[in-house]
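Sequential numbering from 0 applies to the sequence shown in numbering that gives the first Met the number 0. Think of the CB as a built atom: it goes at the ideal place given N, C-alpha and C, for glycine as much as any other residue. Input: a single structure, listed below in structure tokens.
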Amino acid sequence: MVYGKRTNGLMKHLRDVHGISIEGSKNKKDLLNMGYYHGYKGYRFIKKSNDRIPYTDFDEIVAIYQFDVQLKTLFYPHIMFIETALKNHTLDTLIGYGQADFDYIYRQLLNDYKKHDVGSSKYRKAVKRKLDLRNAVNNSIAYHYNNKRDVIEHFFHTNKPIPLWAIFEIINFGDFGFFVMCLNEEVRKTIAQDLNVHSTNYNQNGRIVEDMIFLIKELRNSVAHNSVIFDCRFQKTSPPARLKGYIENETNISGITFENIIDYLVVTIFLLKNLGVSKAEIRKVIKQFSMESEKLRNAIPVNAHTSIMGSDMKTKLGKLRVFV
């Protein structure tokens, strides 16, 4: 029975089978720290396993691994900030519509299904989405109550309705996106206006906020779970054209496809600016991204760097600095 290879055996395997130069104590330590399966096997391709990066030296793998780590370090605090801010801004808007407990909002405002003909496939799909959201919220409440989270226990033990802010505290970013999706069009547009992201050209149906939530959610989850992000393999579905057009229009940066990580930097910077983060702080983010990209460019073949970052990365960075 084969139980696997130890590090020396894996190094020999990389040399003999994959033609990668790897030797010495430094390379051995790097391989041990990053792991063969999480490290090499996770970073040997771009997006698809058959799109192999033509490595010749193990240091090139280490460079991409370290670039990915630095990207996650760069994005993490800002993505968390954006998640919290979007929930709080949405809460603030919804309070203006009356009571702020979840049951009231669920009955009165999570009624996007009503715009469809009763019994139609779109009506049924929208109703099911609302019911699924209710189940997701109930599951989160049960989980956090079982784990004795004060924010949930208090309202149960005092026989009070759970306020919306407490629900937003416990649901994940994806369920928050579905919450926004279930809101009626008027409310969605009001939230967009309050966030200063409403556009008559790109937000006619009030979907732009949920578009951004679902876009960022995939990156957020990958960063939080230490998954690979450098090549945007976390993207499960292509973002809608309206979101791409909106970001291009607002930032004056063309060619937004979300196929390269630079485009996720663009939307992150866009949101940070709209949420009132200082220009100095935003410029630090852009500078750090640029430095990490340059460090990677000097460590791997130019064609590999271009495949990862896109041929228009420098142009986008220049326009992003102007946007800020």
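Q. Are the beta-carbon atoms belonging to Val186 and Ala165 less than 8 Å from one another?
A. As a position in the sequence shown, residue 186 is number 187, starting the count at 1. As a position in the sequence shown, residue 165 is number 166, starting the count at 1. Not in contact: Val186 and Ala165 (Cβ atoms no closer than 8 Å).
Q) Helix, strand or coil: how does DSSP classify Phe44 here? A) Along the sequence shown, read from residue 1 onward, the residue named residue 44 stands at position 45. In the structure shown, Phe44 sits in a strand (DSSP, three-state: E or B).
Q. Where does Asn26 land, buried or exposed, given buried means 16+ other C-beta within 10 angstroms?
A. If you number the sequence shown from 1, residue 26 lands on position 27. Asn26 is buried by the Cβ-count criterion.
Q | Contact check, Met180 vs Glu217, beta carbons under 8 Å | A | Along the sequence shown, read from residue 1 onward, the residue named residue 180 stands at position 181. Along the sequence shown, read from residue 1 onward, the residue named residue 217 stands at position 218. Contact flag unset, no.
(Q) In whole angstroms, give me the CA-to-CA distance for Leu295 and Leu70. (A) To locate residue 295, count along the sequence shown from 1; it is residue 296. To locate residue 70, count along the sequence shown from 1; it is residue 71. About 11 Å.
Q) Three-state secondary structure (DSSP) at Asp311? A) Position 312 of the sequence shown, counting from 1, holds the residue named residue 311. In this structure, Asp311 counts as coil in the three-state DSSP scheme.
Q: Could you have a look at Arg51 and say whether DSSP puts it in helix, strand or coil?
A: The sequence position of residue 51 within the sequence shown is 52, counting from 1. Arg51: strand per DSSP, three-state reduction.
Q: Flag this pair as yes or no: are the beta carbons of Tyr42 and Val227 separated by less than 8 Å?
A: Here residue 42 corresponds to residue number 43 of the sequence shown, with the count starting at 1. Here residue 227 corresponds to residue number 228 of the sequence shown, with the count starting at 1. Yes, the Cβ-Cβ distance between Tyr42 and Val227 is below 8 Å.
Q.
Suppose only complete runs of 3+ residues qualify. What are the beta strand (DSSP E) ranges in the stretch 2-26, listed by chain order?
A. none
Q.
On a Cα-Cα basis, can you pick out the residue from Arg123, Ile78, Ile190 and Arg128 that is closest to Ser221?
A. For the purposes of this step, residue 221 is taken as residue 222 along the sequence shown, with counting starting at 1. Checking every option, the nearest Cα to that of Ser221 belongs to Ile78.
Q: Would you mind sorting His304 into buried or exposed? The rule is 16 or more other CB atoms within 10 Å of its CB.
A: Stepping through the sequence shown from its first residue, residue 304 is reached at position 305. Answer is buried; the Cβ neighbour count reaches 16.
Q) Can you tell which of Phe177, Arg148 and Ile60 has its C-alpha closest to the C-alpha of Tyr35? A) Here residue 35 is taken as the residue at index 36 of the sequence shown, counted from 1. The shortest Cα separation from Tyr35 among Phe177, Arg148 and Ile60 belongs to Ile60.
Q | N-terminal and C-terminal residue of the alpha helix (DSSP H) that Gln65 is part of | A | The residue labelled residue 65 in the question sits at position 66 within the sequence shown. Per DSSP, Gln65 belongs to the alpha helix (DSSP H) from Phe57 to Ile94.
Q.
Using the Cβ count rule (16 or more neighbours within 10 Å means buried), how would you classify Ala62?
A. Residue numbering aside, residue 62 sits at position 63 when the sequence shown is read from its first letter. With 16 or more other Cβ atoms within 10 Å, it is buried.
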